[in-house]
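S.K.: Chains as they are written, first to last, in the UniProt record's numbering: chain A, 1 to 276; chain B, 1 to 258.
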Amino acid sequence: MSPLSRLLRRPEAVAGAIILALLFAMALFASLLFPGDPQAIAGPALLPPFQDWSLPLGTDRLGRDVLAEVFHGARTSLAVGLAAAAASLLIGAVVGTLAGFAGGLVDEVLMRTTDAFQTVPSFLLALAFVSIVGPSLGIVVAAIALGAWTGPARVARAEVLSIRERDYVAGARVIGMHPLAIAFREVLPNALPPVLALSSVIVAAAILTEAALSFLGLGDPNRVTWGGMIAEGRTVLRTAPFLSIVPGIALVLTVLGVYLAGEGVVETTAVRRSLS
Amino acid sequence: MSLLAVRDLTKRYRRGGKTIAAVDGVSFAIEPGETLALAGPSGSGKSTIARLVLRLIEPDAGSVQFEGDDFLALSGTALRSKRARLQMVFQDPLSAFNPRATVARALDDPLRIHAIASSAERPARIAALLERVGLAADLAPRAIHEISGGQRQRVAIARAIATNPSLIVLDEAVSALDVSVRGQILELLLDLQARERIAYLFISHDLGVVRAIAHRLVLLDTGRIAESGDARAVIDAPQSAIGKALVAAAPRLNRIRP
Ligand SMILES: Nc1ncnc2c1ncn2[C@@H]1O[C@H](COP(=O)(O)OP(=O)(O)O)[C@@H](O)[C@H]1O
Ligand SMILES: [Mg+2]
Numbered sequence: 001m002s003p004l005s006r007l008l009r010r011p012e013a014v015a016g017a018i019i020l021a022l023l024f025a026m027a028l029f030a031s032l033l034f035p036g037d038p039q040a041i042a043g044p045a046l047l048p049p050f051q052d053w054s055l056p057l058g059t060d061r062l063g064r065d066v067l068a069e070v071f072h073g074a075r076t077s078l079a080v081g082l083a084a085a086a087a088s089l090l091i092g093a094v095v096g097t098l099a100g101f102a103g104g105l106v107d108e109v110l111m112r113t114t115d116a117f118q119t120v121p122s123f124l125l126a127l128a129f130v131s132i133v134g135p136s137l138g139i140v141v142a143a144i145a146l147g148a149w150t151g152p153a154r155v156a157r158a159e160v161l162s163i164r165e166r167d168y169v170a171g172a173r174v175i176g177m178h179p180l181a182i183a184f185r186e187v188l189p190n191a192l193p194p195v196l197a198l199s200s201v202i203v204a205a206a207i208l209t210e211a212a213l214s215f216l217g218l219g220d221p222n223r224v225t226w227g228g229m230i231a232e233g234r235t236v237l238r239t240a241p242f243l244s245i246v247p248g249i250a251l252v253l254t255v256l257g258v259y260l261a262g263e264g265v266v267e268t269t270a271v272r273r274s275l276s
Numbered sequence: 001m002s003l004l005a006v007r008d009l010t011k012r013y014r015r016g017g018k019t020i021a022a023v024d025g026v027s028f029a030i031e032p033g034e035t036l037a038l039a040g041p042s043g044s045g046k047s048t049i050a051r052l053v054l055r056l057i058e059p060d061a062g063s064v065q066f067e068g069d070d071f072l073a074l075s076g077t078a079l080r081s082k083r084a085r086l087q088m089v090f091q092d093p094l095s096a097f098n099p100r101a102t103v104a105r106a107l108d109d110p111l112r113i114h115a116i117a118s119s120a121e122r123p124a125r126i127a128a129l130l131e132r133v134g135l136a137a138d139l140a141p142r143a144i145h146e147i148s149g150g151q152r153q154r155v156a157i158a159r160a161i162a163t164n165p166s167l168i169v170l171d172e173a174v175s176a177l178d179v180s181v182r183g184q185i186l187e188l189l190l191d192l193q194a195r196e197r198i199a200y201l202f203i204s205h206d207l208g209v210v211r212a213i214a215h216r217l218v219l220l221d222t223g224r225i226a227e228s229g230d231a232r233a234v235i236d237a238p239q240s241a242i243g244k245a246l247v248a249a250a251p252r253l254n255r256i257r258p
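Spelled out as structure tokens, the structure:
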């Protein structure tokens, strides 16, 4: 049975995959369906949803099209979530591999650094970083990655510690391979599976952190974000609750979808590994 | 001058507060083109000696001369390039290769690292290496885990001879193979030695195999040399207690012939 058909037999994984597919479609088609600036005024202010079918989800305080904003927000959430997760997995895998493979002083220094980063709550770290450097998409990605690479680093190091004792690593030394080539060509690729298993949790957390930063006004000001929309809507929460509820639902569904799909993938590959 | 000269090699390990000497003042020499067997019961320090000689671990005392160089004094690039001349074959041919490797990649690595052939020449070199160890060249694209144990050990030997070594350390290199394959691999080793004058440090707990392949034999017991000499002479008339015990425990001694 192929991994895909095994994946499709898990209802929760299918639900997650459908949500993710929708989300990707929203992000991909955002500028096709809603060309132009989603932050431009599209109609009267505070139009409630389902009144005017050219503006199905109504408008916000400034008369901007909420549906267009949700679509463009999906783009920001996904981009930031995936980029931050990729960056933290990369940093974590490299740091963990170096620490585990080199051992000794290198290991000590790298792992104490990891400890230090892990002691500071990752959201505070991101907050401080963005406040100092200033908000832009790249900075937000870096800020989130700064707090998220420690988990992958620990997992990678533990895996590398067991792999480096294997015969084939000794064999690579015997044929005269450079230690860095051994670490990154021979050891790292084989240490990756458990590190990649962390992706879904990291992507989900990154999307939430991005939303929280934007909610506090520390997101990229030139982009629509769900966190920013919730913050906007908060000022008119009593009269127009949908302005906060709509992006809130989008956020919850996204995080749920990422998590369910990711867990499904991890579990089917884990089943495959324990069978082989 | 000997090809390899090991003197007073000592390696200690701490275990539960106590220090044990896994290898304790061991000295021996190997001449070019010669097979020296290292035999002894499990835990007698055979693998530790192999790892010391190959600089996979560092000794607490002693010296290793290889091709006239103080091998323990080499480091960095000098050590890595010297490694071309001193190769190893492991017991379990499956764990000795990167699980993602193909046959071609396993053989490409030494050729590339030691700049033995340009990337355009390497496929032909790889095919020639496979042929030298009795394998078909079309095995190259196969994954290591797809081929048989005997084929895998031949690939391991091909990888070891790729850099034109003068000495190959074989740590229980035929122990995991079934009897018929074991005979074929021993024959391949003898054949390579006859053609290319490669010396072997042949580690085995099986005196039948040792008798079939080794010129001289060093018997180890708890990290020390119990006795040594001409392989057949030692096996036919062991003097040490451990030698007598090992011979008594090896019933198939006379059935394997070189
Ligand atoms: N890394 C290590 N740490 C602690 N003890 C070890 C280590 N490697 C080997 N030893 C001990 O050294 C002794 C010799 O082991 P080894 O060289 O593997 O023996 P052999 O290969 O002859 O079976 C054994 O008692 C073993 O437990
Ligand atoms: Mg051993």
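Even for Gly, the Cβ is constructed at its ideal location relative to N, Cα and C. In this text, all values refer to a predicted model and were calculated from it rather than measured experimentally.
Ser47/B: beta carbon under 6 Å from a heavy atom of ligand 4?
M.R.: Ligand 4 is absent from the structure shown, which contains only ligand 1 and ligand 2.
S.K.: Using CA atoms only, rank isn't needed, just tell me which of Ile213/B, Asp178/B, Ala78/B, Pro93/B is closest to Glu146/B.
M.R.: Comparing Cα-Cα distances from Glu146/B to each of Ile213/B, Asp178/B, Ala78/B, Pro93/B, the minimum goes to Pro93/B.
S.K.: Looking only at its own chain, which residues have a Cβ that is under 7 Å from the Cβ of Gly58/A, when we skip the five neighbours before and after it?
M.R.: Leu47, Pro48, Pro49, Gln51, Val66, Phe242.
S.K.: If we cut at 7 Å on Cβ distances, does Arg6/A have a partner in chain B?
M.R.: Chain B contact via Cβ: absent.
S.K.: Can you tell which of Thr76/A, Leu23/A, Gly63/A, Val80/A has the C-alpha that lies nearest to the C-alpha of Ala143/A?
M.R.: Of the listed residues, the one whose Cα sits closest to Ala143/A is Val80/A.
S.K.: Cα separation between Pro258/B and Ala99/A?
M.R.: Confidence is the limiting factor: at Pro258/B the pLDDT is only 46, short of 50, which leaves the residue's position unreliable, though a coordinate-based value still follows. Cα to Cα, Pro258/B sits roughly 48 Å from Ala99/A.
S.K.: For the segment 94-124 of chain B, which residues have a beta carbon sitting closer than 7 Å to at least one beta carbon of chain A?
M.R.: Correct list: Ser95, Ala96, Phe97, Asn98, Pro99, Arg100, Asp109, Pro110, Ile113, His114.
S.K.: Buried or exposed: where does Ala39/B fall if 16 or more other Cβ atoms within 10 Å of its Cβ makes it buried?
M.R.: That one is buried.
S.K.: Is DSSP giving Pro258/B helix, strand or coil here?
M.R.: Low per-residue confidence applies at Pro258/B: pLDDT is 46, beneath 50, and the placement is therefore not dependable enough to give any value.
S.K.: Please identify the residue among Pro56/A, Ala83/A, Ile175/A whose C-alpha is closest to the C-alpha of Ile116/B.
M.R.: Checking every option, the nearest Cα to that of Ile116/B belongs to Ile175/A.
S.K.: Given that Phe90/B touches chain A, what residues does it touch there, using C-beta distances under 8 Å?
M.R.: Correct list: Asp167, Ala170, Gly171.
S.K.: Pick out the complete alpha helix (DSSP H) segments inside the segment 16-83 of chain B, 4 residues or longer, and give them in chain order.
M.R.: Whole alpha helix (DSSP H) segments, 4+ residues: 46-53, 76-82.
S.K.: Report yes or no: is there a C-beta of chain B within less than 7 Å of the C-beta of Val174/A?
M.R.: For Val174/A, the answer is yes, since a Cβ of chain B falls inside 7 Å of its Cβ.
S.K.: When the Cα of Ala231/A is compared with those of Pro135/A, Asn222/A, Ser244/A, which residue comes out closest?
M.R.: Minimum Cα distance to Ala231/A is reached at Ser244/A.
S.K.: Cβ atoms of Leu20/A and Ser227/A: under 7 Å apart, would you say?
M.R.: Sequence inspection shows Gly at residue 227/A; the Ser mentioned does not correspond to that position. Cβ atoms of Gly227/A and Leu20/A: not closer than 7 Å.
S.K.: Which residues of chain A have a Cβ atom closer than 9 Å to the Cβ of Gln151/B, listed in chain order?
M.R.: In chain order: nothing, as chain A lies at least about 17 Å away.
S.K.: To the nearest angstrom, how far is the alpha carbon of Asn190/A from that of Arg173/A?
M.R.: Spanning the two alpha carbons is a distance of roughly 17 Å.
S.K.: Pick from Gln118/A, Ser199/A, Leu82/A: whose alpha carbon is nearest that of Leu23/A?
M.R.: Taking only the C-alpha atoms, the option nearest Leu23/A is Leu82/A.
S.K.: Using 7 Å as the threshold, is the C-beta distance between Ala226/B and Leu217/B below it?
M.R.: Going by C-beta atoms, Ala226/B is not nearer than 7 Å to Leu217/B.
S.K.: Find the residues of chain A that neighbour Leu56/B, judging by a C-beta separation of less than 9 Å, and give them in chain order.
M.R.: Result: Ala170, Arg173, Val174.
S.K.: Which bits of chain B does Pro189/A rub up against, with CB to CB less than 7 Å?
M.R.: The answer, in chain order, is Arg100.
S.K.: Interface residues of chain B around Glu232/A at Cβ under 8 Å?
M.R.: Simply none; closest approach about 50 Å.
S.K.: Please confirm whether residue 309/B has its beta-carbon closer than 7 Å to some beta-carbon of chain A.
M.R.: Examination of residue 309/B is not possible in this model, given that chain B is present from 1 through 258 alone.
S.K.: Give the residues from the segment 59-84 of chain B that approach chain A closer than 7 Å (Cβ to any Cβ), ordered along the chain.
M.R.: The segment 59-84 of chain B vs chain A, Cβ under 7 Å: Arg80, Ser81, Arg83, Ala84.
S.K.: How would you list, in chain order, the residues of chain B whose beta-carbon sits under 7 Å from the beta-carbon of Glu186/A?
M.R.: Correct list: Asn98.
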